[in-house]
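Per the working numbering, the very first residue in the sequence shown carries number 657; after that it's consecutive.
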Amino acid sequence: MKVIAFNGSPKKEGNTYHAIKMVADELNNEGIEVEIIHVGNKLIQGCLACNGCTRNKNDRCVIETDEVNDWIQKMKEADGIILGSPVHYSAIGGTMKSFLDRAFYVAGKGILRHKVGAAVVAVRRSGGIPTFNQLNNFINYSEMLIPTSNYWNVIHGTTPGEVSEDEEGKQIMRVLGKNMAWLMKLVENGKGTVVEPEKEKKRKIFFTVNRSLINFALQLIDIIHYPLLQFVYLKLP
Ligand SMILES: Cc1cc2nc3c(=O)[nH]c(=O)nc-3n(C[C@H](O)[C@H](O)[C@H](O)COP(=O)(O)O)c2cc1C
657 MKVIAFNGSP
667 KKEGNTYHAI
677 KMVADELNNE
687 GIEVEIIHVG
697 NKLIQGCLAC
707 NGCTRNKNDR
717 CVIETDEVND
727 WIQKMKEADG
737 IILGSPVHYS
747 AIGGTMKSFL
757 DRAFYVAGKG
767 ILRHKVGAAV
777 VAVRRSGGIP
787 TFNQLNNFIN
797 YSEMLIPTSN
807 YWNVIHGTTP
817 GEVSEDEEGK
827 QIMRVLGKNM
837 AWLMKLVENG
847 KGTVVEPEKE
857 KKRKIFFTVN
867 RSLINFALQL
877 IDIIHYPLLQ
887 FVYLKLP
């Protein structure tokens with residue numbers, strides 16, 4: 657089995673890398689291969705919202721000038737995914753966000769379904785939880801399976817490698833790695849034995865009908881309000 661881990665830090669071997677590595681070590685101990693891809697130092701354009709990927713249905717983003725499509729293919733082949741990001745202004749690092757928006761808009765509609773996915777965050781002080789939540793939004797949306805730890809997956813440090821002094825953070829990553837390996841094995845061993853729930857066609861609620869009804873009602877009020885007012889005034893003593 658294989659896990660693809662995305663390092664959203666601009667630093668190749670900064671704290672995000674170390675957090676991923678702590679999880680990866682546990683996965684390796686259980687015979688699971690991990691490939692770490694450095695995203696945060698690349699030039700990744702944000703999503704164009706062109707919906708080209710939805711129309712083309714070829715599991716590719718229409719932007720072909722960067723690595724995103726190669727990484728989507730890697731996600732497709734993997735059994736598990738790790739999303740790692742440093743905290744930048746209480747949020748996911750910008751380059752990582754651009755990558756995730758595009759990759760998950762393509763892959764999150766089916767390719768990643770029932771793969772195991774975990775998020776890890778490196779932070780100096782504040783913003784760990786919002787960033788963790790933001791990363792989990794991508795994983796949740798895709799019907800992925802999420803392993804947990806004994807706390808939220810956030811580790812503290814500033815200079816590269818400083819997270820190795822955060823004993824509690826190290827334990828969180830270690831426990832996450834063990835649980836992720838176990839969940840991946842459960843999924844693998846369950847194939848052909850435990851029946852997977854069928855994928856439901858996604859329902860989306862559009863409010864256009866209701867809005868046009870409201871508009872119609874407003875227009876009607878507009879048309880009748882004047883004679884109505886006249887009638888009311890005329891009735892007044
Ligand atoms: C642009 C920028 C914004 C940051 N914003 C925050 C922040 O909001 N809260 C915080 O605690 N640390 C913040 N930091 C510090 C990093 O989250 C912290 O140093 C982290 O360990 C970096 O991980 P890395 O080595 O993988 O890049 C920021 C760092 C940068 C470069």
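Cβ atoms here follow ideal geometry from the backbone N, Cα and C, with glycine treated the same way.
Since the model is a prediction, treat every value here as computed from it, not as a measurement.
CB of residue i within 8 Å of CB of residue j, strictly
| i | j | result |
| --- | --- | --- |
| Gln790 | Ile748 | yes |
| Ile728 | Arg711 | no |
| Thr787 | Ser746 | yes |
| Met800 | Val772 | yes |
| Gly784 | Val743 | yes |
| Arg830 | Glu682 | yes |
| Gly764 | Tyr797 | yes |
| Arg758 | Val724 | yes |
| Ala661 | Glu691 | yes |
| Asn685 | Pro816 | no |
beta-carbon residue i near ligand 1 non-hydrogen atom, thresh 7 Å
| i | result |
| --- | --- |
| Val743 | yes |
| Pro645 | The first residue shown for the chain is 657 and the last is 893, placing residue 645 beyond what the model contains. |
| Tyr761 | no |
| Cys810 | One detail in the question is off: residue 810 reads as Val in this sequence, not Cys. The answer is no for Val810. |
| Asn796 | no |
| Arg780 | yes |
| Lys667 | yes |
| Gly848 | no |
| Gly813 | yes |
| Ala670 | One detail in the question is off: residue 670 reads as Gly in this sequence, not Ala. Yes, Cβ of Gly670 sits closer than 7 Å to a heavy atom of ligand 1. |
| Gly708 | no |
| Gly825 | no |
| Gly736 | no |
| Ser920 | Past the boundaries of the shown model lies residue 920; the chain is included only from 657 to 893, so the question cannot be answered. |
Length of the line joining the Cα atoms of residue i and residue j
| i | j | result |
| --- | --- | --- |
| Lys658 | Asp735 | 5 Å |
| Val679 | Lys826 | 9 Å |
| Ile719 | Ile861 | 29 Å |
| Ser754 | Asn663 | 13 Å |
| Leu704 | Thr721 | 13 Å |
| Asn697 | Gln875 | 54 Å |
| Glu669 | Ser741 | 12 Å |
| Glu824 | Asn707 | 43 Å |
| Glu852 | Cys709 | 26 Å |
| Arg867 | Gln886 | 29 Å |
| Ile676 | Glu844 | 22 Å |
| Gly750 | Asn793 | 16 Å |
Three-way DSSP call (helix, strand, coil) for residue i in this model
| i | result |
| --- | --- |
| His770 | coil |
| Pro742 | strand |
| Ile737 | strand |
| Asp795 | The question names Asp, but residue 795 in the sequence shown is Ile. If DSSP states are grouped into helix, strand and coil, Ile795 belongs with the helices. |
| Leu699 | coil |
| Ala778 | strand |
| Ala661 | strand |
| Glu723 | coil |
| Ala747 | strand |
| Leu832 | helix |
| Val851 | coil |
Near ligand 3: residue i beta-carbon under 7 Å from a heavy atom
| i | result |
| --- | --- |
| Asn845 | Of the ligands one can find in the structure shown, namely ligand 1, none is ligand 3. |
Min CB distance residue i to chain D below 8 Å
| i | result |
| --- | --- |
| Lys677 | Note that chain D does not occur in the displayed structure, where there is just one protein chain. |
Checklist entry - Do three or more CB pairs link the segment 735 to 744 to the segment 835 to 855 at distances below 8 Å? => result yes
Checklist entry - So, do the segment 808 to 817 and the segment 760 to 777 have three or more beta carbon pairs nearer to each other than 8 Å? => result yes
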